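See structure below.
In structure tokens:
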């Protein structure tokens with residue numbers, strides 16, 4: 015960035031649990047960003063003190079250089095009230111595009127020193143509830159500096175279609191359908207991988223890996239790596255059917271016997287599927303191995319043991335295809351479905367093959383049913399209508415089974431493609447360029463932006479105005495109570511709740527008691543507090559006054575009346 019500024023986020027990016035594609039992508043992004051280190055500092059505003067402290071411990075261990083120089087800041091979301099006023103951010107980037115971009119944009123428009131870019135990245139897009147999240151993006155507080163980062167060409171198209179059909183349903187007739195008013199930009203930046211971590215195996219490494227995994231040394235190993243789930247990743251049965259076709263081609267034998275290896279994260283109840291696949295493989299004479307929930311070291315060995323990577327994904331939940339990049343970096347040719355982000359990664363006939371797919375088109379009944387069902391049920395119903403062409407799949411598998419030279423040529427081409435286009439270092443460079451470009455975009459009048467409330471933000475004072483007896487009267491006269499005077503003189507201390515955090519600075523509360531030594535109206539007291547605390551706003555000043563009244567540090571001034579006249 016031309017002007018040194020901090021970078022901010024609401025997310026940890028590093029998450030605990032089974033390493034799914036989203037988690038792996040987020041962790042890779044943050045690691046690469048901190049390695050490139052293009053910003054003055056990195057501010058993490060997290061959901062809770064527990065999340066804040068956990069990330070501080072993890073990142074402090076991983077990057078003591080940034081921790082020890084004070085360039086990593088770990089805060090909670092309540093700290094945004096001060097942080098947005100205090101710092102000029104280069105950008106905020108969120109690890110998911112669904113939940114928080116519009117909320118953050120509204121708070122930025124209200125409080126921030128300048129209108130910094132807000133970007134957020136796509137992962138899975140097919141959950142039925144996500145239309146509500148995208149609807150929140152369409153409001154007049156969105157600026158030209160706000161963007162959804164789609165990781166693939168297919169994701170770009172999907173996000174734009176979300177906005178288009180939501181505009182058709184919710185905007186006034188005659189509104190432009192593309193781009194809809196208040197629509198964020200949609201920019202494409204792919205995911206990346208660490209090309210030094212994934213590398214082609216030498217022949218000794220390949221043989222050692224196979225021996226350790228119990229895979230035949232002379233086999234041509236076809237590897238499926240990813241979630242082992244027919245409802246959320248891919249249906250493996252067409253792969254078995256393709257091998258069944260190959261087994262019937264007696265006149266075109268493979269150079270060595272094929273072996274199908276499946277590995278990856280599994281869901282509860284997947285053992286039945288694995289048994290069925292094993293039985294089917296046995297019935298057609300196909301060697302079959304399955305490795306459940308491998309750790310990172312075992313994952314490396316599995317990739318070293320492979321000859322061909324196979325991923326006939328059919329599920330709308332898939333958006334990019336990180337495992338394909340890992341396979342290409344390992345020098346494996348790829349046979350993948352011509353589906354979603356896969357076609358951005360595999361060059362047909364050069365780094366592998368893309369198998370044609372056929373989808374159902376319009377599905378109004380399933381569309382209406384989806385919000386009433388579990389997402390995996392909806393995904394399964396749609397995936398079972400996505401046809402991955404088995405004859406073509408068999409043909410491509412057969413060509414690679416019979417031709418070791420072709421496998422090597424395609425594998426080397428894939429490795430070169432990953433190095434050129436999909437290293438994390440290159441991806442981070444594209445993000446930095448995007449943030450710079452967004453920051454250069456003109457923005458609407460600042461006061462106009464500040465006045466635009468988000469239509470899906472509850473105006474609590476309006477909606478729940480009937481709950482209390484009344485609302486605060488700015489002419490109400492108040493003064494420090496006996497308890498407040500004791501605190502001001504140092505004879506007692508404030509008592510407050512931890513969860514209030516930055517909403518209630520106790521030093522500011524002491525200044526409030528100083529001002530209230532003599533009776534003042536609530537309005538006069540708020541204005542006096544703002545003079546002493548220029549960073550405070552009117553809402554914050556009134557908050558502190560009402561809190562002090564609630565806790566009996568301030569009290570109402572009751573006018574004393576004289577004795578009743580004697581009418582006798």
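Numbering (the numbering used here), first residue to last: 15 to 582. We treat Cβ as the ideally placed atom computed from N, Cα and C, and that holds for glycine. Because the structure is a prediction, the values reported are computed rather than measured.
Secondary structure of residue i, DSSP reduced to three states
| i | result |
| --- | --- |
| residue 21 | strand |
| residue 308 | coil |
| residue 101 | coil |
| residue 465 | coil |
| residue 119 | helix |
| residue 244 | coil |
| residue 75 | helix |
| residue 292 | helix |
| residue 351 | strand |
| residue 96 | helix |
| residue 30 | coil |
| residue 161 | strand |
| residue 377 | coil |
| residue 502 | helix |
| residue 525 | helix |
| residue 393 | helix |
| residue 64 | helix |
| residue 301 | strand |
| residue 183 | helix |
| residue 175 | helix |
| residue 366 | strand |
| residue 569 | strand |
Buried or exposed (CB count within 10 angstroms, at least 16 for buried), residue i
| i | result |
| --- | --- |
| residue 165 | buried |
| residue 238 | buried |
| residue 552 | exposed |
| residue 171 | exposed |
| residue 22 | buried |
| residue 489 | exposed |
| residue 429 | buried |
| residue 521 | exposed |
| residue 546 | exposed |
| residue 250 | buried |
| residue 77 | buried |
| residue 296 | exposed |
| residue 558 | buried |
CA nearest to the CA of residue i, picked from the options
| i | options | result |
| --- | --- | --- |
| residue 88 | 61, 111, 37 and 141 | 61 |
| residue 104 | 257, 449 and 180 | 449 |
| residue 397 | 160, 99, 286 and 380 | 380 |
| residue 175 | 71, 197 and 157 | 197 |
| residue 180 | 203, 169 and 152 | 152 |
| residue 1 | 550, 220 and 406 | With the chain covering only 15 through 582, there is no way to say anything about residue 1. |
| residue 432 | 483, 382 and 359 | 359 |
| residue 4 | 93, 314, 445 and 47 | No answer is possible for residue 4: the residues shown for the chain start at 15 and end at 582. |
| residue 519 | 504, 549 and 505 | 549 |
| residue 298 | 65, 256 and 316 | 256 |
| residue 94 | 562, 540, 500 and 515 | 515 |
| residue 110 | 544, 324, 148 and 556 | 148 |
| residue 127 | 475, 469 and 461 | 461 |
| residue 246 | 35, 364 and 133 | 35 |
| residue 309 | 202, 82 and 279 | 279 |
| residue 469 | 135, 412 and 184 | 184 |
| residue 423 | 346, 505, 38 and 509 | 346 |
| residue 27 | 19, 42 and 132 | 42 |
| residue 85 | 162, 20, 563 and 65 | 20 |
| residue 414 | 53, 203 and 269 | 269 |
Cut-off 6 angstroms between Cβ atoms - residues of its own chain near residue i, not counting five sequence neighbours on either side
| i | result |
| --- | --- |
| residue 491 | 533, 535 and 571 |
| residue 212 | 340, 343 and 344 |
| residue 442 | 46, 47 and 50 |
| residue 332 | 354 |
| residue 215 | 318 |
| residue 206 | 436, 437, 438 and 441 |
| residue 259 | 408 |
Neighbourhood of residue i by C-beta distance below 8 angstroms, restricted to the same chain and skipping five residues each side
| i | result |
| --- | --- |
| residue 495 | 566, 567, 568 and 569 |
| residue 385 | 142 and 143 |
| residue 463 | 123, 129, 155, 157 and 457 |
| residue 369 | 326, 349, 350, 351, 352, 402, 403, 406, 407 and 410 |
| residue 475 | 485 |
Cβ-based neighbour list, residue i, same chain, cut-off 7 angstroms, excluding 5 preceding and 5 following
| i | result |
| --- | --- |
| residue 330 | 140, 393 and 396 |
| residue 2 | Nothing can be reported for residue 2, as the shown portion of the chain is limited to 15 through 582. |
| residue 112 | 144 and 147 |
Closer than 7 angstroms: residue i CB and nearest the ligand MG heavy atom
| i | result |
| --- | --- |
| residue 327 | This structure lacks the ligand MG; in fact it carries no ligand of any kind. |
Could you tell me whether the segment 273 to 290 touches the segment 303 to 317, where touching means 3 or more Cβ pairs closer than 8 angstroms?
The segment 273 to 290 vs the segment 303 to 317: in contact.
Determine, using beta-carbon pairs with one atom in the segment 366 to 374 and one in the segment 432 to 443, whether at least three such pairs fall under 8 angstroms.
Under the three-pair Cβ rule at 8 angstroms, the segment 366 to 374 does not count as touching the segment 432 to 443.
So, do the segment 51 to 68 and the segment 475 to 482 have three or more beta carbon pairs nearer to each other than 8 angstroms?
The segment 51 to 68 is not in contact with the segment 475 to 482.
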